[in-house]
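Q: Quick note, the sequence shown lines up with residues 27 to 177 if you use my numbering.
Even for Gly, the Cβ is constructed at its ideal location relative to N, Cα and C.
Just so it is clear, the structure is predicted and the values come from calculations on it, not from any experiment.
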Amino acid sequence: MSQRTISVNRPVAAAPAPTRAQVAVVEQPVRQAFWILRFGFTVAPILAGLDKFFHLLVNWDQYLSPTVNNLVGGNGHAFMLVVGVIEIIAGIGVALRPRIFAYVVAAWLLGIIVNLLLVPGYYDIALRDLGLALGAIALGRLSQAVEYKNR
Numbered sequence: 027m028s029q030r031t032i033s034v035n036r037p038v039a040a041a042p043a044p045t046r047a048q049v050a051v052v053e054q055p056v057r058q059a060f061w062i063l064r065f066g067f068t069v070a071p072i073l074a075g076l077d078k079f080f081h082l083l084v085n086w087d088q089y090l091s092p093t094v095n096n097l098v099g100g101n102g103h104a105f106m107l108v109v110g111v112i113e114i115i116a117g118i119g120v121a122l123r124p125r126i127f128a129y130v131v132a133a134w135l136l137g138i139i140v141n142l143l144l145v146p147g148y149y150d151i152a153l154r155d156l157g158l159a160l161g162a163i164a165l166g167r168l169s170q171a172v173e174y175k176n177r
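#1: Ordered along the chain, which non-local residues of its own chain (more than five positions away) have a Cβ less than 7 Å from that of residue 103?
#2: Among residues of its own chain, excluding the 5 on either side of residue 79, which ones have a beta-carbon nearer than 7 Å to its beta-carbon?
#3: If you follow the alpha helix (DSSP H) that residue 86 is part of, which residue opens it and which one closes it?
#4: Under 8 Å, do residue 171 and residue 113 count as touching if we go by C-beta distance?
#5: Tell me the rounded alpha-carbon separation between residue 62 and residue 55.
#6: Whole angstroms are fine: how far does the CA of residue 92 sit from the CA of residue 44?
#7: Identify which residue in 149, 130, 148 has its Cα closest to the Cα of residue 160.
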């Protein structure tokens, strides 16, 4: 028969509240990370969305999988123009409401990843977009902390 020990509940001393200086040390990097990600996820989708119309950076149509092109009735270029508009809206949304639109961008990036996995030779870009999706999720989480602090 094994012995059991009975612990007695004793009051535990509460940890002292952090000082303002200690709180500031934590808050400053959080705010900086928030603003860096907010800037990036505002500018990048807007620029990528605009470039769907001008193809200055790349011919974006090449990234559309044949499967998706067939799903949109062979109108891949028109579909990519719609994608551009959605990306511009998502970027503006991150600028105005990052707490919501950061998750919209993350979901959008996951959709892009699925599309890229259907195109042989673009797995590296799919991996990059996974990193971007994780960054967008981090922005969403940071948005909650920064908005809470501003109340």
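A: Taking the geometry as given:
#1: Locating residue 103 in the sequence shown gives position 77, counting from the first residue. Counting only Cβ-Cβ distances below 7 Å, and skipping sequence neighbours, we find 87.
#2: On the sequence shown, position 53 is the one that residue 79 refers to. Contacts found: 107, 110.
#3: Here residue 86 is taken as the residue at index 60 of the sequence shown, counted from 1. First-last for residue 86: undefined, no H or E at that position.
#4: Taking the sequence shown and counting its residues from 1, the one referred to as residue 171 is at position 145. Taking the sequence shown and counting its residues from 1, the one referred to as residue 113 is at position 87. No, the Cβ-Cβ distance between residue 171 and residue 113 is not below 8 Å.
#5: What you label residue 62 is simply residue 36 of the sequence shown in a count that begins at 1. What you label residue 55 is simply residue 29 of the sequence shown in a count that begins at 1. Rounded to the nearest angstrom, the two C-alpha atoms are 10 Å apart.
#6: By 1-based counting over the sequence shown, the position of residue 44 is 18. By 1-based counting over the sequence shown, the position of residue 92 is 66. Each residue's Cα considered, the two are about 57 Å apart.
#7: Position 134 of the sequence shown holds residue 160. Of the listed residues, the one whose Cα sits closest to residue 160 is 130.
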